[in-house]
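> First, the structure itself, so that you have it in front of you.
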Amino acid sequence: MYEKKGQSGGQEVKDFHPFSGEGQFYRGALHTHTLRSDGALSVEETIAAYVAAGYDFMAITDHQRYWRKSSPDITILNGMEMNGTIRHGEAKVWHHLLCIGAGEEPYRHEQEFPMGDFDDIALAQAQVDAFTDGGKNLIAIAYPEWTQMALDDYEALEGFWAIEVFNNGIFLDKEIGYTLGPWDALLKSGKRVYGIASDDAHQSDQFDGGWMMVWAADNSPRALTDALREGRFYATTGPSIESFYVKDGVLVVRSSPCRRIVCYTGDAEIPPIATYNVSGAPVYEASYPVKASYRYMRVQCVDEDYQMAFSQPIWLEDLAD
Numbered sequence: 000m001y002e003k004k005g006q007s008g009g010q011e012v013k014d015f016h017p018f019s020g021e022g023q024f025y026r027g028a029l030h031t032h033t034l035r036s037d038g039a040l041s042v043e044e045t046i047a048a049y050v051a052a053g054y055d056f057m058a059i060t061d062h063q064r065y066w067r068k069s070s071p072d073i074t075i076l077n078g079m080e081m082n083g084t085i086r087h088g089e090a091k092v093w094h095h096l097l098c099i100g101a102g103e104e105p106y107r108h109e110q111e112f113p114m115g116d117f118d119d120i121a122l123a124q125a126q127v128d129a130f131t132d133g134g135k136n137l138i139a140i141a142y143p144e145w146t147q148m149a150l151d152d153y154e155a156l157e158g159f160w161a162i163e164v165f166n167n168g169i170f171l172d173k174e175i176g177y178t179l180g181p182w183d184a185l186l187k188s189g190k191r192v193y194g195i196a197s198d199d200a201h202q203s204d205q206f207d208g209g210w211m212m213v214w215a216a217d218n219s220p221r222a223l224t225d226a227l228r229e230g231r232f233y234a235t236t237g238p239s240i241e242s243f244y245v246k247d248g249v250l251v252v253r254s255s256p257c258r259r260i261v262c263y264t265g266d267a268e269i270p271p272i273a274t275y276n277v278s279g280a281p282v283y284e285a286s287y288p289v290k291a292s293y294r295y296m297r298v299q300c301v302d303e304d305y306q307m308a309f310s311q312p313i314w315l316e317d318l319a320d
């Protein structure tokens, strides 16, 4: 993904192309539920819904119950959603972990797991470590805006790969489906964490509201999980990101028609940088010079219906020599 260096403000900056090389975008759902836990539809009905919507892959992530079975109709990633609580004095705060297996994890199909009730963050960390197995498997923190998981807990946990920045089910039920402030807070603190969008579909009206576009060599579970681990994807509720790269010290993004494109940098002295047309005409492209004061760079593309696409962050230290 990193290539020769260009110049930005007198600094040498590496080129960065996350969507380069052999491959294409594959559309997928990483968070779904069925009658195996608290969903309203069977596994077969859930798979059929995503196939009908044109998805290439999905994960079946029922609570506390591992899925490890393929389908002839769509690529399925191994996974589950792990529930637990962390004690804060007399209070218990929920945390939900979205677990995506890379294929070599030692869990059998339909294996059930007890819910974790942790006295402190160290015990929750042990749960994360056991599943990720040194980074082979992926854990994302699910709907933290709903669980009200404390920012201190995010910062204390190590080894999680992503945070759910949009959850369609929670958005439709509670209107609190976005978790953007905590994501930027984690990035500013130095955490390397990606942002994902999901349906968390429990009901038939919750499908196809938030999804992933993954740049992978093919639509196999191994290629998809490798691409997810490396950040070769964007998350969206509607708009598409057609190009996203750094070349000659400038971040360039091209998208489907949007009302604005916004760049977030982690620089406390610089607010998010918005690109838009004062005439109200749609924008399709934006560019942002890389600056030494930035901690990271990520973009949000916002369309006329206020649906959003989220790039993954580029860490500036990776662009430096």
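When the sequence shown is numbered by numbering that gives the first Met the number 0, its final residue is 320 and no position is left out of the sequence of numbers.
Each residue gets a CB set at the ideal place from its N, CA and C atoms; glycine is no exception.
Keep in mind the model is a prediction, meaning the values are calculated, not measured.
For the candidate residues Y305, D198 and G102, whose alpha-carbon lies nearest to that of P256?
Y305
> Beta-carbon separation of I99 and I73 under 7 Å?
no
> Considering only residues of the same chain and omitting the five flanking positions on each side of A216, which have a CB-CB separation below 7 Å?
Only E21, G22 and A222 meet the Cβ criterion.
> R221 CB to nearest chain D CB: under 7 Å?
Protein chain content of the structure displayed is limited to a single chain, and chain D is not contained in it.
> DSSP has I313 in a bridge; who is on the other side?
M296
> Let's see if you can read the secondary structure: which residues bound the beta strand (DSSP E) around F243?
I240 to K246
> Using the three-state DSSP reduction, which class does Y328 fall into: helix, strand or coil?
Nothing about residue 328 can be reported from this structure: the residues present for the chain run from 0 to 320 only.
> Count the other CB atoms, across all protein chains shown, that sit within 10 Å of the CB of C300; report buried if there are 16 or more and exposed otherwise.
With at least 16 other beta carbons inside 10 angstroms of its own, C300 counts as buried.
> Can you tell me where the beta strand (DSSP E) with A58 in it begins and where it stops?
F56 to A58
> Let me confirm a value: V289 is counted as buried when at least 16 other C-beta atoms fall within 10 Å, else exposed. Which label applies?
buried
> Using the C-alpha atoms, what's the distance from A291 back to Q6?
Unreliable positioning characterises Q6 in this predicted model, as indicated by a pLDDT of 48, which lies under 50. A coordinate reading is not provided.
> DSSP puts R26 in a beta bridge; with which residues?
DSSP, once it has assigned bridges, lists M212 as partnering R26.
> Suppose the cutoff is 6 Å on Cβ atoms and the five residues either side in sequence are ignored; what does the same chain contact list for L96 look like?
Within the same chain, Cβ atoms closer than 6 Å to the Cβ of L96 are found at M81 and I138, the five residues on either side in sequence being excluded.
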